[in-house]
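Here this note's numbering runs 315 ahead of the position in the sequence shown, where the first position is 1. The C-beta atom is built at its ideal place from N, Cα and C for all residues, glycine as well. Quick notes on the structure that follows.
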Amino acid sequence: MTKATQALVFFIALHVVWFLILTGHIPTSPRFQEEVAPLLPWWSMVAFGSYALGTLGYDLLTFKDKPKKYAELMQQIEEAKADLKTKGITV
């Protein structure tokens with residue numbers, strides 16, 4: 316099973332559980348069902364967005380700490396510049 320398939324199965328299962336809570340098939344308190352359950356998808360998106368931005372920020376801050384990746388990126392930049400130069404584009 317690929318990572319994409321695993322993620323899809325996970326999100327489908329999560330949505331099924333959320334829908335069952337929202338419709339009352341999974342017994343919860345009425346207050347939770349009316350006030351909290353409808354907001355769970357939004358809180359999930361906020362949590363995922365926070366995680367993604369935090370991970371991205373951390374990776375940007377520690378990028379120079381990875382000399383091999385840094386050198387590889389610099390080499391790719393030079394190759395791209397050389398390729399553009401052969402096509403008559405100056406960078």
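Counting along the chain, the unbroken alpha helix (DSSP H) around E387 starts and ends at 382-401. By the Cβ rule, the segment 327-340 counts as touching the segment 348-360, because three or more pairs are nearer than 8 Å. Restricting attention to L337, L371, E393, the CA atom closest to the CA of E350 is found in L337.
Unbroken alpha helix (DSSP H) stretches of 4 residues or longer found wholly inside the segment 317-375: 318-338, given in chain order.
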